[in-house]
Amino acid sequence: MERLRLALFQPDIPQNAGTLLRLSACLGVGVDIIEPCGFVLDERKVRRAGMDYIHQASYIRHVSWDAFAATLASGGRRLVLLTTGGADRHDRFPFAPGDTIMVGRESCGVPTEVFDRAGARIRIPMRAGARSLNVALAAAIATAEALRRLDGFPEEGD
Numbered sequence: 001m002e003r004l005r006l007a008l009f010q011p012d013i014p015q016n017a018g019t020l021l022r023l024s025a026c027l028g029v030g031v032d033i034i035e036p037c038g039f040v041l042d043e044r045k046v047r048r049a050g051m052d053y054i055h056q057a058s059y060i061r062h063v064s065w066d067a068f069a070a071t072l073a074s075g076g077r078r079l080v081l082l083t084t085g086g087a088d089r090h091d092r093f094p095f096a097p098g099d100t101i102m103v104g105r106e107s108c109g110v111p112t113e114v115f116d117r118a119g120a121r122i123r124i125p126m127r128a129g130a131r132s133l134n135v136a137l138a139a140a141i142a143t144a145e146a147l148r149r150l151d152g153f154p155e156e157g158d
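Read in the UniProt record's numbering, the sequence shown has 7 at position 7, and its numbers run on one by one without any break.
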């Protein structure tokens with residue numbers, strides 16, 4: 001089983017998706033893209049942010065939430081939702097091998113059905129009055145913390 005995956009729920013902004021695919025390529029973390037996207041998901045749309053890393057990224061496209069949920073369940077993976085409404089701080093959360101960290105749509109997060117399905121809900125602590133971070137930035141922060149806790153960063157040069 002992979003040590004960690006990152007899931008993008010119906011992403012709205014191709015630049016964020018491209019950034020997270022670049023993160024995938026650089027850190028060796030697989031990405032699940034749950035459609036429909038708010039843009040046509042093709043290499044041209046995400047190339048600007050992902051640059052030439054797109055070909056090194058490991059990602060799977062899922063046609064719907066139900067298709068992704070079935071894959072998650074069959075793989076025995078825990079869904080960890082990154083949300084401003086999370087009960088646990090990301091820096092104190094006990095990540096486990098096989099976790100999938102999910103971020104919601106930039107425009108509206110995730111629907112109740114997805115929120116309720118999460119095995120855990122985490123948040124990044126922020127200063128009072130701040131609403132949220134950019135979804136790609138938040139995903140990178142949480143992914144880095146999870147990899148640190150799991151001793152899962154790739155060896156340099158690998």
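Glycine included, each C-beta is placed from N, C-alpha and C at the ideal position.
Cα-Cα separation, residue i to residue j
{"i": "leucine 81", "j": "alanine 120", "result": "6 Å"}
{"i": "valine 40", "j": "proline 111", "result": "21 Å"}
{"i": "histidine 62", "j": "phenylalanine 68", "result": "6 Å"}
{"i": "glycine 18", "j": "aspartate 91", "result": "25 Å"}
{"i": "aspartate 88", "j": "arginine 123", "result": "6 Å"}
{"i": "leucine 137", "j": "arginine 5", "result": "16 Å"}
{"i": "proline 125", "j": "threonine 143", "result": "15 Å"}
{"i": "glycine 75", "j": "arginine 117", "result": "15 Å"}
{"i": "glycine 30", "j": "arginine 127", "result": "31 Å"}
{"i": "residue 160", "j": "glycine 38", "result": "Examination of residue 160 is not possible in this model, given that the chain is present from 1 through 158 alone."}
Run of the beta strand (DSSP E) containing residue i, from where it starts to where it stops
{"i": "threonine 84", "result": "First-last for threonine 84: undefined, no H or E at that position."}
{"i": "tyrosine 59", "result": "59 to 62"}
{"i": "phenylalanine 9", "result": "4 to 9"}
{"i": "valine 40", "result": "Neither: valine 40 is in no beta strand (DSSP E) and is coded neither H nor E."}
Cutoff 6 Å; reference residue i; Cβ partners in own chain excluding five residues on either side
{"i": "isoleucine 60", "result": "Asp32"}
{"i": "arginine 3", "result": "Pro97, Leu150, Gly152"}
{"i": "glutamate 106", "result": "Asp12, Ile13, Val135"}
{"i": "tyrosine 53", "result": "Arg22, Ala25"}
{"i": "serine 132", "result": "Thr84"}
Limits of the unbroken alpha helix (DSSP H) element including residue i
{"i": "alanine 17", "result": "14 to 27"}
{"i": "phenylalanine 115", "result": "112 to 117"}
{"i": "alanine 73", "result": "65 to 74"}
Option in the options with minimal Cα separation from residue i
{"i": "serine 58", "options": "Leu27, Val40, Ala142, Asp91", "result": "Leu27"}
{"i": "alanine 7", "options": "Met102, Glu113, Ile141, Ala144", "result": "Met102"}
{"i": "phenylalanine 93", "options": "Ile54, Glu145, Arg131, Ala139", "result": "Glu145"}
{"i": "proline 36", "options": "Arg22, Ala25, Trp65", "result": "Trp65"}
{"i": "histidine 55", "options": "Gly109, Ala70, Leu20", "result": "Leu20"}
{"i": "glutamine 10", "options": "Gly104, Pro154, Gly129", "result": "Gly104"}
Neighbourhood of residue i by C-beta distance below 7 Å, restricted to the same chain and skipping five residues each side
{"i": "leucine 72", "result": "Leu79, Thr100"}
Cβ-based neighbour list, residue i, same chain, cut-off 8 Å, excluding 5 preceding and 5 following
{"i": "isoleucine 141", "result": "His90, Ile124, Leu133"}
Alpha helix (DSSP H) runs contained entirely in the region 100 to 152, provided each spans 4 or more residues:
Counting whole runs of 4 or more residues, the region 100 to 152 contains the alpha helix (DSSP H) stretches 112 to 117, 135 to 149.
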